[in-house]
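Numbering (my numbering), first residue to last: 5 to 330.
Note that beta-carbon positions come from the ideal geometry of N, C-alpha and C, so glycine has one too.
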Ligand code: PBG
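In structure tokens:
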């Protein structure tokens, strides 16, 4: 019998050997923690479909953010949840300097300075009473250019409040260029744009809608992409690169790893992937049932997203993973 000359198992023989030859690295600095801050609550409010994730009060956000930074995560992505009575058709609570998100950004900027990378979701859905990511016309359609003008105001408000990075997530055409120009005109040429470049209309956002108490009825299929469209996703990434995006993101992550890879293959700037709420919830639920091991599977998914080409991963496990990895 002819034995194989090359035995890949040789390089798997000891932990030290496996560490030496490990191709993909996963470090806390690669991970960004999405966080929710809600107006009008006095205690952190658990999000039932995302065990372990809460809507923070202003104070609990400050403590949790400091803990995340101490754990070594690469950055924080903030989402604001206004009171229901502050929602309106234009999402003015998002641009209000005293709105929940802008206040929280100022708090964290004051607490943390440049010790972390402070990011903000630049979108209207949390703030509109109809729950769409933009402003709607008289026929109920999301108006691309009117929405984009609101995103510029949002981005400037967030940069004024201390965000290092703004993250337009509404998939309006031309949003990155408009925000770049608006930030520059407002004196924020150092504020980076993390473009949600290829964002799919996904069932995996289900738990997030609870997390931000979304008012949406219907869907986002006139602005988010069809799950099957890979070529269009790369077109979207290329458009955002041409418009000046500093980081391009693919979202969700696990069902779109081919898109992450394709983006990484063409992008001259860092690529991020967002492991979204439903990805977190589904693994958490299986682990809670004892069907899979949470730590093993969570780290495996994060490694897989990195292996696919993501430089940065947004994940609700950012702090847990930082602990597991240390
Ligand atoms: C829009 C936005 C959404 C998410 C991040 N930004 C929701 C949506 O597009 O419906 C989803 C994040 C997640 O599911 O974890 N502001």
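Shown here, residue 183 sits in a helix according to DSSP, grouped into three states.
With a cutoff of 7 Å, residue 260 does not count as near the ligand PBG, since its C-beta is closer than that to no heavy atom of the ligand. Cβ-Cβ separation between residue 128 and residue 174: approximately 7 Å, consistent with a contact (criterion under 8 Å). Not a single heavy atom of the ligand PBG lies less than 7 Å from the C-beta of residue 225. In the DSSP secondary-structure assignment, residue 257 is not bridged to any residue. Not one heavy atom of the ligand PBG sits closer than 7 Å to the Cβ of residue 144. Between residue 221 and residue 135, the C-beta spacing is below 8 Å. Residue pairing by DSSP places residue 278 opposite 318 in a beta bridge. Bounds of the beta strand (DSSP E) holding residue 125 are 122 to 126. Contact between the stretch 245 to 258 and the stretch 158 to 168 is absent, with fewer than three C-beta pairs closer than 8 Å. For residue 44, the CB contacts under 7 Å within the same chain, skipping 5 residues up- and downstream, are 87 in chain order.
Here residue 130 is buried: its Cβ has 16 or more other Cβ atoms, across all protein chains shown, within 10 Å.
When the beta-carbon positions are compared, residue 83 and residue 40 come within less than 8 Å of each other. Within the chosen limit of 7 Å, the ligand PBG does not reach the beta carbon of residue 240 with any heavy atom. Within its own chain, the residues whose Cβ lies closer than 8 Å to the Cβ of residue 272, once the five positions on either side in sequence are excluded, are 245, listed in chain order. Taking all protein chains in view, the Cβ of residue 321 is crowded by 16 or more other Cβ atoms within 10 Å, so the residue is classified as buried. For residue 239, the three-state secondary structure derived from DSSP is helix.
Between residue 198 and residue 169, the C-beta gap is smaller than 8 Å, which places the two residues in contact.
Buried is the label assigned to residue 264, since at least 16 other Cβ atoms lie within 10 Å of its Cβ. Nearest to residue 145 by C-alpha distance, out of 176, 124 and 122, is 176.
A distance below 8 Å separates the beta carbons of residue 54 and residue 281. Listed in chain order, the non-local C-beta contacts of residue 217 below 7 Å within the same chain comprise 85, local neighbours out to five positions each way being set aside. Under the criterion of beta carbons closer than 8 Å, residue 78 and residue 34 qualify as touching, at roughly 6 Å. Rounded to the nearest angstrom, the gap between the Cα atoms of residue 225 and residue 317 is 24 Å. Check the Cα spacing between residue 74 and each of 96, 110 and 37: the tightest is with 37. By the Cβ rule, the stretch 89 to 99 does not count as touching the stretch 54 to 70, because fewer than three pairs are nearer than 8 Å.
In this structure, residue 257 keeps its C-beta atom at 8 Å or more from the C-beta atom of residue 227. The beta carbon of residue 204 sits no closer than 7 Å to any heavy atom of the ligand PBG. The C-beta distance from residue 328 to residue 299 rounds to 5 Å, short enough to fall under 8 Å. According to the DSSP assignment, residue 171 belongs to the beta strand (DSSP E) that extends over 169 to 172. With the criterion CB distance below 6 Å from any heavy atom of the ligand PBG, the matching residues run 125, 127, 129, 137, 173, 209, 212, 224, 280 and 281 along the chain. A straight-line Cα-Cα distance of about 14 Å links residue 274 and residue 171.
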